[in-house]
Amino acid sequence: MHFEVGCGGLGLNPKLQRQINEQVFAAGAPNPVGRNPIGHGMCGPTVAVWGTEEQKKRYLRPLFTGEEIWCQLFSEPGSGSDFAGLSAKGVRDGDEWIANGQKVWTTLAHLSRWGLLIVRTDSEAVKHAGMTAFVVDMQAPGVEVRPLYQITGEAEFNEVYFTDVRIPQNEMLGSVGDGWRVSLTTLMNERVSIGGAIPGKGSGAIREATKVWSSLPQDERDPATKDELMKLWIRAELLRLTNIRASQNRKMGDPGPEGSIAKLAMAELHKDIYSFAVSMMGAQGMLFPSGYNKIRPEFAMGMENTQKSFLRSRANSIEGGTSEVMRNILGERVLGLPGDIRVDRDRAWSQVPRN
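Residue numbering for the sequence shown follows UniProt numbering, beginning at 1 and increasing consecutively.
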């Protein structure tokens, strides 16, 4: 609702979004975020901040309607947590840029029409300063998408290869060298998006654990198990309240440390909840009721049963920033603790040793 009129929104107060969502979903409307989570949670907010008026008018409305799916092209085989160390290159050729390199762990790239791509355009600058952001056509010649199958059997993630892919100059977000600043906008929104969903009280993962508890025979509902369930329920409610605050800040264009808090808390909580749930199920928790089929899904993070959710939750503490990185961010930016020693801070990217 808070996005500009003509760009997918109505220019209204972002506080109204939650009320509208409740009414729309109560009427049975599908949730578009599940089909385009990267677009809604990360790329859309980034284009809104960094895009030209022409880019916003072209991309935002079809993004929100679900007509065009987006993906985020950041991580590489040699630069995950150290994202600024990326090596995919962009070289200018007249009014175009030629991109070459590999990206990995790209959610729903196999369905995406557009991607938010960060490449290195200056190898002699320090690593944070030599990056530039582009909107890339995922159907352009030279773009190859390959599936990465997960422990669940699905391949919502992909690896993407760029071979002499030509990107028009007018698809740049920001200016040359602004890639790090653009990516921070995306990453801050990503952490809120991954950890910041606002389910109703007692819903989401904790509801699944509660359903398992309710299905147990009466003589298996012992006080110790009930006590553990209540502890997890309290943690889930604390996370829900934190997410409400983070969501309002994000919609006002000011995502802060709440995103890292929510992302860290969600990752650890989901792993604990689903581990607890499958342990209550006993031997049944080792079965995979939907069958173990290799598929390329149309929705991210499908959670149709507790066993699958248990396997999928293993990735929560890795994707979108590892829990270790989240703790570093919170330690440095919230608690004011000394940062890690960074020996490559003042060295040109080309001079930094790499494997």
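Even glycine gets a Cβ: it sits at the ideal position worked out from N, Cα and C.
All figures in this text were calculated on a predicted structure; none of them were measured in a lab.
Chain-order list of residues whose beta-carbon lies under 7 Å from that of residue i (same chain, five-residue window excluded)
| i | result |
| --- | --- |
| Y161 | Q102 and E144 |
| S323 | L264, A267, E268 and S317 |
| G179 | I118, M131, T132 and A133 |
| N305 | P289 and S290 |
| R146 | N158 and E159 |
Cβ-based neighbour list, residue i, same chain, cut-off 6 Å, excluding 5 preceding and 5 following
| i | result |
| --- | --- |
| N293 | G153 |
| H128 | A84 and W180 |
| I295 | E154 |
| P45 | N189 |
| Q284 | none |
Residue i versus residue j: straight-line alpha-carbon distance, rounded
| i | j | result |
| --- | --- | --- |
| K89 | N249 | 34 Å |
| R120 | C43 | 19 Å |
| G28 | R18 | 16 Å |
| L184 | G320 | 12 Å |
| K308 | S275 | 11 Å |
| Q169 | S215 | 59 Å |
| A224 | F74 | 44 Å |
| E54 | I273 | 45 Å |
| S87 | R333 | 27 Å |
| E203 | Q351 | It should be pointed out that residue 203 corresponds to Ser in this sequence rather than to Glu. Whole-angstrom Cα-Cα distance: 50 Å. |
| T163 | D93 | 15 Å |
Residue of the options minimising C-alpha distance to residue i
| i | options | result |
| --- | --- | --- |
| W70 | L60, G339 and G320 | L60 |
| G339 | L239, I329, A348 and L10 | I329 |
| G6 | R58, N170, K211 and G39 | R58 |
| residue 357 | D82, A283, R92 and S75 | Residue numbering for the chain in the displayed model covers 1 to 355; residue 357 lies beyond these limits and cannot be assessed. |
| Q72 | S87, S112, W50 and P62 | S112 |
| E237 | G115, H270, D219 and V278 | H270 |
| P174 | P353, A109 and A48 | The sequence given here has Gly at residue 174, not Pro. Residue A48 is the option with its Cα nearest to G174. |
| M172 | F310, E220, W50 and D344 | W50 |
| V136 | S123, A125, E68 and E124 | E68 |
| F310 | P353, D227 and I206 | I206 |
| R347 | A125, M286 and E76 | A125 |
Three-state class that DSSP yields for residue i in the structure shown
| i | result |
| --- | --- |
| V42 | In the sequence on display, residue 42 carries Met and not Val. Three-state result, M42: helix. |
| A205 | helix |
| D164 | strand |
| D346 | coil |
| S317 | helix |
| M281 | helix |
| I20 | helix |
For residue i: DSSP bridge partner residues
| i | result |
| --- | --- |
| Q248 | Note: Q248 sits in no beta bridge, so no partner. |
| G90 | A99 |
| W70 | W114 |
| E76 | S79 |
| V145 | V160 |
| T242 | Paired residues: none, contrary to the question. |
| I295 | E154 |
Own chain, CB closer than 8 Å to residue i, minus 5 neighbours either side, in chain order
| i | result |
| --- | --- |
| R314 | I151 and K271 |
is_contact[residue i, chain D] using C-beta, thresh 7 Å
| i | result |
| --- | --- |
| I244 | In the structure shown, chain D cannot be found, because there is only a single protein chain. |
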